[in-house]
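Everything below concerns the one structure shown next.
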Amino acid sequence: MHSSANLRAAQAVVSSRLRLQSGRSRDAARPLTLRQAEDRFRGSKRATIARIVKKLEAANTLRVEDLPDQQGGRPRLLTEEEEEAIVAFVIWMQRSGLPASKYEVEDAANTLRRRRDPDAKPVSRMWYRRFCDDHPELDKSILKAKEAVRVEYEEAGVEETKQWFQRLSEVITNYELGASECWNADQAGVRVGILRERVECLIVRTQKKSSTEVFSPADRESCTVIGTGNAAGDTTPPWLIFKSFPTLEWA
1 MHSSANLRAA QAVVSSRLRL QSGRSRDAAR PLTLRQAEDR FRGSKRATIA RIVKKLEAAN
61 TLRVEDLPDQ QGGRPRLLTE EEEEAIVAFV IWMQRSGLPA SKYEVEDAAN TLRRRRDPDA
121 KPVSRMWYRR FCDDHPELDK SILKAKEAVR VEYEEAGVEE TKQWFQRLSE VITNYELGAS
181 ECWNADQAGV RVGILRERVE CLIVRTQKKS STEVFSPADR ESCTVIGTGN AAGDTTPPWL
241 IFKSFPTLEW A
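Mapped onto the UniProt record's numbering, the consecutive letters of the sequence shown carry residue numbers 1 to 251.
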């Protein structure tokens, strides 16, 4: 059963939306938001308010008594407090710089269930989707790995790069270097089993749509790959530098 604060907050949100739709709202150009309702009704939680609002609007009513009885349906795997804890976990993970993946959210749910009942079964494959549907304040996004060095370069701009190539052109001209004598090398760190190139994660929904990125420290790679080539198109075999000898765990 939802608390009185959450119920009154949800009813206030739905009521403000109805007044705006009917043209009876004079005090504001926009309806009451979930954040404003949470601040106005002490003890309420935004995620719970959003779920109740969704039910009230689906039933086209302001009376909680008119909502369909949920007792006969599938029982909820988590309590209201446990779901609030998972939402807080998702927010904390995003603020820490590494948004929670689907596996981590499911693992958090299973951990909470086992604390109540050591014999509790893991959540089903459909639980994650239902959890996302029940929490409209959360949104799915794609997590991309991004090296910190590359971020620093992009923020610095291209002026330093232009100056570097200008000096390189002067050196090639002064020393009369040919294309076969101009070599370049590049390295890339490989982090085995840490982070895929693209992974789905759960973040707080915002108005601005942008891809979620996480910095990938270059000093934690399991293997370094080095490639070289010259301006004439010649290359050398790639070099592999292992931090430790490869094991079966790499497979």
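We put the beta carbon where it would ideally sit given N, CA and C, even for glycine.
**Message:** Going by C-alpha to C-alpha distance, which of Leu138, Val64, Tyr128, Asp119 sits closest to methionine 93?
**Reply:** Stepping through the sequence shown from its first residue, residue 93 is reached at position 93. It is Leu138 whose Cα lies nearest to the Cα of methionine 93.
**Message:** Looking at the strands, I want to know which residues DSSP matches up with phenylalanine 242.
**Reply:** Start at 1 with the first residue of the sequence shown, and residue 242 comes out as number 242. Cys223.
**Request:** Could you tell me if glutamate 81 is buried or exposed, where buried requires 16 or more neighbouring beta carbons within 10 angstroms of its beta carbon?
**Result:** As a working mapping, residue 81 is identified with position 81 in the sequence shown. Exposed, since its Cβ has fewer than 16 Cβ neighbours within 10 Å.
**Message:** Short of 7 Å in beta carbon distance, which residues of its chain neighbour arginine 17, apart from the five on each side in sequence? Order them along the chain.
**Reply:** Mapped onto the sequence shown, residue 17 falls at position 17. Correct list, in chain order: Pro31.
**Bridge-paired residues (DSSP) for valine 204** = As a working mapping, residue 204 is identified with position 204 in the sequence shown. Leu138, per the DSSP bridge assignment.
**Prompt:** Where does phenylalanine 131 land, buried or exposed, given buried means 16+ other C-beta within 10 angstroms?
**Reply:** Locating residue 131 in the sequence shown gives position 131, counting from the first residue. Buried.
**Request:** Determine the contact status of arginine 51 and alanine 37, defining contact as a CB-CB distance below 9 Å.
**Result:** In the sequence shown, the residue the question calls residue 51 occupies position 51. In the sequence shown, the residue the question calls residue 37 occupies position 37. Cβ atoms of arginine 51 and alanine 37: not closer than 9 Å.
**Request:** Rounded to whole angstroms, what's the CA-CA distance from lysine 54 to serine 15? Just pull it up for me.
**Result:** Numbered from 1 along the sequence shown, position 54 holds the residue referred to as residue 54. Numbered from 1 along the sequence shown, position 15 holds the residue referred to as residue 15. Each residue's Cα considered, the two are about 13 Å apart.
**Request:** Pull up the distance between the alpha-carbon of aspartate 219 and that of valine 105, whole angstroms please.
**Result:** Here residue 219 corresponds to residue number 219 of the sequence shown, with the count starting at 1. Here residue 105 corresponds to residue number 105 of the sequence shown, with the count starting at 1. The predicted model places aspartate 219 with a pLDDT of 47, which falls under 50 and marks its position as unreliable, so this point remains unresolved.
**Request:** Under 8 Å by Cβ, that's how I've got asparagine 230 and serine 169 pegged, so tell me the actual separation to the nearest angstrom.
**Result:** Against the sequence shown, residue 230 aligns to sequence position 230. Against the sequence shown, residue 169 aligns to sequence position 169. Not quite, the Cβ-Cβ distance comes to about 16 Å (not below 8 Å), so this is no contact.
**Asked** Exposed or buried, isoleucine 49, counting other C-beta atoms within 10 Å across all chains shown (16 or more means buried)?
**Response** Indexing the sequence shown from 1 puts residue 49 at position 49. Result: buried.
**Request:** Can you check DSSP and say which residues form a bridge with aspartate 186?
**Result:** To locate residue 186, count along the sequence shown from 1; it is residue 186. Paired residue(s): Gly227.
**Request:** Sort Phe165, Pro122, Leu77, Tyr128 by Cα distance to lysine 102 and report the nearest one.
**Result:** The residue given as residue 102 occupies position 102 in the sequence shown. Lysine 102 has its Cα closest to that of Tyr128, out of Phe165, Pro122, Leu77, Tyr128.
**Item:** Local Cβ density within 10 Å of proline 238, reported as buried at 16 or more and exposed below that
**Value:** Residue 238 sits at position 238 when you count from the first residue of the sequence shown. When all chains shown are included, proline 238 counts as exposed.
**Prompt:** The alpha helix (DSSP H) with methionine 93 in it runs from where to where?
**Reply:** What you label residue 93 is simply residue 93 of the sequence shown in a count that begins at 1. Unbroken alpha helix (DSSP H) run through methionine 93: 80-95.
**Asked** Given that a residue counts as buried once 16 or more other Cβ atoms are within 10 Å of its Cβ, and exposed if not, what is serine 4?
**Response** Looking up residue 4 in the sequence shown gives position 4. Under this definition serine 4 is an exposed residue.
**Item:** Distance between alanine 85 and arginine 95 (C-alpha atoms, nearest Å)
**Value:** In the sequence shown, counting from the first residue as 1, residue 95 sits at position 95. In the sequence shown, counting from the first residue as 1, residue 85 sits at position 85. One C-alpha to the other measures close to 15 Å.
**Prompt:** Got a sec? Which residues, its chain only, sit under 7 Å from phenylalanine 89 by beta carbon, not counting five neighbours each side?
**Reply:** The residue given as residue 89 occupies position 89 in the sequence shown. Result list for phenylalanine 89: Ala100, Ala108, in chain order.
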